[in-house]
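Going by the numbering used here, the letters in the sequence shown line up with residues 25 to 196, in that order.
Using N, Cα and C, we set each Cβ at its ideal position, and we do this for glycine too.
Quick notes on the structure that follows.
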Amino acid sequence: SRLTGGQVSSRGTTTAGVTNYKQAIETLNATALKESADIVAAAKTLLAFCCDHKKIIEACKHGALEAVAEALKAQMGARDVVFVILPSLINLSSGDDEAGLKRVSTLIQSDVIETLAGILRSHPNDAALAIRAVWALQHVCRRGSSSTNPWLTRVLQSGVTGLVCRVHGAFP
Numbered sequence: 025s026r027l028t029g030g031q032v033s034s035r036g037t038t039t040a041g042v043t044n045y046k047q048a049i050e051t052l053n054a055t056a057l058k059e060s061a062d063i064v065a066a067a068k069t070l071l072a073f074c075c076d077h078k079k080i081i082e083a084c085k086h087g088a089l090e091a092v093a094e095a096l097k098a099q100m101g102a103r104d105v106v107f108v109i110l111p112s113l114i115n116l117s118s119g120d121d122e123a124g125l126k127r128v129s130t131l132i133q134s135d136v137i138e139t140l141a142g143i144l145r146s147h148p149n150d151a152a153l154a155i156r157a158v159w160a161l162q163h164v165c166r167r168g169s170s171s172t173n174p175w176l177t178r179v180l181q182s183g184v185t186g187l188v189c190r191v192h193g194a195f196p
């Protein structure tokens, strides 16, 4: 994976069994029934597909936001799985336009802030995972105000601010 303008880019990698974004979303929606390797393959496939805003919009029409949020919640303690899912969350939450704001609102309603706080709590000594989790938080929490997008209340209630401060102190 590499960085491109606020998004994460994959080199088009897919894994046998999950060959398109719709299969990836289906797999992420059924996370509790899947093996870690299948979840990782689905996350990589979705990341490879969501390389621009048109494709992000297309994936979101098929439930990508909810699938990624639920997969992260279900796999919170599985470091290697979460590490691979987070770049898809970063891409799906990108965009400063109205569509980006709507995607973020959907993620907030899916408890993604609380999930990211849980990931930071579950893996306090993992700098690479913390970077991805904080990057996702930055995407979710930069839009609007608490009156237009109720992320501020969720941030305060989740305790994520203290976690991010601890991360910055631990991994300068």
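In the DSSP annotation of this structure, the continuous segment of the alpha helix (DSSP H) that includes Leu96 starts and ends at Ala88 to Ala98. Apart from the 5 residues on each side of it in sequence, Thr55 sits with its Cβ closer than 7 angstroms to the Cβ of Ile63, Glu94, Ala95, Ala98 and Gln99 in its chain, given in chain order. Counting along the chain, Leu52 sits inside the alpha helix (DSSP H) bounded by residues Tyr45 to Asn53. Taking all protein chains shown into account, Ala91 has 16 or more neighbouring C-beta atoms within 10 Å of its C-beta and is therefore buried. Leaving aside the five residues that flank Thr51 on each side, the residues in its chain whose CB is nearer than 7 angstroms to its CB run, in chain order, Val42, Lys58, Asp62, Ile63 and Ala66. For the 8 angstroms CB-CB criterion, Ala88 and Leu116 form a contact. Residue Cys84 holds the alpha-carbon nearest to the alpha-carbon of Lys126 among Cys84, Arg190 and Val188. Cβ contact annotation for Ile49 (same chain, cutoff 8 angstroms, sequence separation greater than five): Ala66, Leu70, Ala83, His86, Gly87, Ala88 and Ala91, in chain order. With fewer than 16 other beta carbons inside 10 angstroms of its own, Lys78 counts as exposed. The Cβ-Cβ distance between Ile155 and Ala123 does not fall below 8 angstroms.
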